[in-house]
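Asks:
Chains as they are written, first to last, in the numbering used here: chain V, 2 to 312; chain G, 2 to 312.
Okay, here's the thing in structure tokens:
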């Protein structure tokens, strides 16, 4: 049998998703690792990753020779060329780890690593909401606000592998201080933590979640509707910079609060159309991310294929 | 003799610069056209352009067969693929003009057209302040504030040919209305017109020029120094978006007020280092544009060469 597969690994702060993907983009099998106990113990974590890879092969009656390679998305700065994790802002202990080499020795197959949002962007581009699009931007909304850029039919990473930080576009020169050291960043305004704080204050309830604010808006609650409208306007103004700078054909929006997209998308698009330059704002399309929980695993399939075939 | 040349044309609002460039990037001969009388009469202007091209050949004892092609930079939106000028915001009468075809029939050589700042960016990249740099951003400061992007070793234009509008990065969500329809744009803050207004108010002199404010700063005038410092901080914050989004290796700054770069550059760089993310802001370099008045003509040499040789 000549069928080849890719192992996809999406390393997050609380768990690791692993999957086996066929070359045509079907997730054949999946497994989860809860990493709460040992996320900062990098040797233990690497050992667990290798174990999960072996299990996926074993359960699916596959051998190493059936696997084109493994792709890993990590939440931080990755030197893609050298295969080194430079640092992970939310996971201590990971500094200058030559993860590619270490894993290759252990699992005996080619391993490729990249930033997690870059990997998600590759996935959405080839298998999700961006199929066939030459120039697109992916925005992920969550605790962190991140992004990835496909420009001229290729992932654009920049010389320091840091390109695509949509969450750190400043919205206001004198805005509040952001974790990154900047002021008034998009993430400092619409990152989950700040949205929850704002919603809890607005509704006077300290246990309120953003899911509830979404449901309140679904039922027509005026304060909830206004909350999402203001959130959407901030996101839209952040995207004005992106639209004027990059003239993307499509912007794909994913992540937690993108679930409120019925309330967000119309105002985001309206803000872009009103505030960005007319030609790029008329042509840009907004789409919700399609791959959800599979995005990182499917993106790893693209990462491995592109690395091996030099695209 | 086997030497080839390119004809470079830089069409501005008040005059047209034409030049003959060798393939190694030497400007062999130049000529100017004052267009005050007929800039909006497009047939007359095209006729004058063709006349200037013929004169340049004649004066240099060259024939059409010695010329690889002509490159033209235009101050507006250009469909580079079709060779059509879509519109020029400051020159009425130029809408959907198939300039490439029209010129090719008249001057009997390949003609390529692009936005003027894109052409300048190509020039600085190959012959000026950006030689050998794979990822760079060019910022032009003047009445208009524009930009061009070299990403992954190629000019990035975007699907609608509008990419690189650095002047329309919003600095503040509720900033003053800009000509483009947006609010708080970089151009609305540091475009020459607004800087002159601000300086004239500050010094209480209605005939003050920005050159004078520069000379005052050179002599240590505290108000003039503060004026440039504030201007530089705005430019720096606009560039924070660029640095965080694109992680360029180098930013090249040109145009009128870039002459005040002794007063501008240190604060621009300091603002980027303070406010942009640490990895991309530590690696980015600021350079003054090098080619000055020659940029558009030398850029045309690059435009023609890339179009003919498919780069």
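Beta carbons: idealized from backbone N, C-alpha and C, even for Gly.
For a contact meaning CB atoms closer than 7 Å, what does residue 238 of chain V contact in chain G?
Replies: Those within 7 Å of residue 238 of chain V in chain G are 171, 174.
Asks: Beta carbons nearer than 8 Å to chain V: which residues of the segment 195-223 of chain G have them?
Replies: Under the 8 Å Cβ criterion, the segment 195-223 of chain G contributes no residue.
Asks: Which of helix, strand or coil does DSSP assign to residue 297 of chain G?
Replies: DSSP places residue 297 of chain G in helix when its eight states are reduced to three.
Asks: May I have the straight-line CA-CA distance separating residue 126 of chain G from residue 143 of chain G, to the nearest angstrom?
Replies: Their Cα atoms are separated by approximately 20 Å.
Asks: Does the segment 262-279 of chain G come into contact with the segment 230-249 of chain G, if we say contact requires no fewer than three beta-carbon pairs (one atom in each stretch) closer than 8 Å?
Replies: Yes: at least three Cβ pairs fall under 8 Å.
Asks: Going by alpha carbons, who is nearest to residue 123 of chain G out of G/225, G/253, G/192?
Replies: The residue with the shortest Cα to Cα distance from residue 123 of chain G is G/253.
Asks: For a contact defined as C-beta to C-beta under 7 Å, what are the partners of residue 248 of chain G on chain V?
Replies: Under the 7 Å cutoff, chain V gives 159, 160, 161, 163, 164.
Asks: Going along chain G in order, which residues have a C-beta closer than 7 Å to the C-beta of residue 183 of chain V?
Replies: Ordered by position in chain G, the residues that pass the 7 Å Cβ test against residue 183 of chain V are 241, 276, 277.
Asks: Residue 151 of chain V lies in the beta strand (DSSP E); which residues open and close that run?
Replies: From DSSP, the beta strand (DSSP E) with residue 151 of chain V extends over 146-152.
Asks: What does the alpha-carbon distance come out to for the pair residue 201 of chain V and residue 195 of chain V?
Replies: One C-alpha to the other measures close to 10 Å.
Asks: Between residue 245 of chain V and chain G, is there a C-beta pair that is closer than 8 Å?
Replies: Yes, residue 245 of chain V counts as interfacial toward chain G.
Asks: At a Cβ cut of 8 Å, what residues of the segment 279-291 of chain V count as close to chain G, listed as they run along the chain?
Replies: If the cut-off is 8 Å between Cβ atoms, the segment 279-291 of chain V has 279, 280, 281, 284 near chain G.
Asks: Indicate whether residue 239 of chain G and residue 121 of chain G have their beta-carbon atoms separated by less than 8 Å.
Replies: Not closer than 8 Å, so no.
Asks: Report the rounded CA-to-CA distance for residue 265 of chain V versus residue 192 of chain V, giving the unit in angstroms.
Replies: Their backbone Cα atoms lie some 14 Å apart in a straight line.
Asks: Buried or exposed: residue 221 of chain G, going by 16 or more other Cβ atoms within 10 Å of its Cβ?
Replies: The residue in question, residue 221 of chain G, is exposed, as its Cβ has fewer than 16 Cβ neighbours within 10 Å.
Asks: Classify residue 178 of chain G as buried or exposed, calling it buried when 16 or more other Cβ atoms lie within 10 Å of its own Cβ.
Replies: Exposed, because fewer than 16 other Cβ atoms sit within 10 Å of the Cβ of residue 178 of chain G.
Asks: Starting from the beta carbon of residue 152 of chain V, find every residue of chain G whose beta carbon is closer than 7 Å, and list them in chain order.
Replies: By Cβ distance, chain G contributes 152, 157.
Asks: Is residue 115 of chain V close to chain G? Criterion is C-beta to C-beta, closer than 8 Å.
Replies: Cβ-Cβ to chain G under 8 Å: no for residue 115 of chain V.
Asks: Where does residue 163 of chain G sit, in a helix, a strand or coil, going by DSSP?
Replies: In this structure, residue 163 of chain G counts as coil in the three-state DSSP scheme.
Asks: How should residue 311 of chain G be labelled, buried or exposed, when 16 other C-beta atoms within 10 angstroms of its C-beta is the threshold for buried?
Replies: With fewer than 16 Cβ atoms within 10 Å of its Cβ, residue 311 of chain G is classed as exposed.
Asks: List the residues of chain V whose Cβ lies closer than 7 Å to the Cβ of residue 136 of chain G, in chain order.
Replies: The answer, in chain order, is 159, 160.
Asks: Does the distance from the CB of residue 116 of chain V to the CB of residue 85 of chain V come in under 8 Å?
Replies: Not closer than 8 Å, so no.
Asks: Pick helix, strand or coil for residue 67 of chain G, following the three-state DSSP scheme.
Replies: Three-state DSSP puts residue 67 of chain G in a helix.
Asks: Can a CB atom of chain G be found closer than 8 Å to the CB of residue 167 of chain V?
Replies: So, interface residue.
Asks: To the nearest angstrom, how far is the alpha carbon of residue 303 of chain V from that of residue 11 of chain V?
Replies: Whole-angstrom Cα-Cα distance: 13 Å.
Asks: In the DSSP assignment, the alpha helix (DSSP H) including residue 226 of chain V goes from what residue to what residue?
Replies: First-last of the alpha helix (DSSP H) with residue 226 of chain V: 223-247.
Asks: For residue 78 of chain V, return the contacting residues in chain G, with the cut-off set at a CB-CB distance below 7 Å.
Replies: Near residue 78 of chain V (Cβ distances below 7 Å), the residues of chain G are 280.
Asks: Can you grab the Cα-Cα spacing for the pair residue 111 of chain V / residue 155 of chain G, in whole Å?
Replies: Approximately 30 Å, taken between the alpha carbons.
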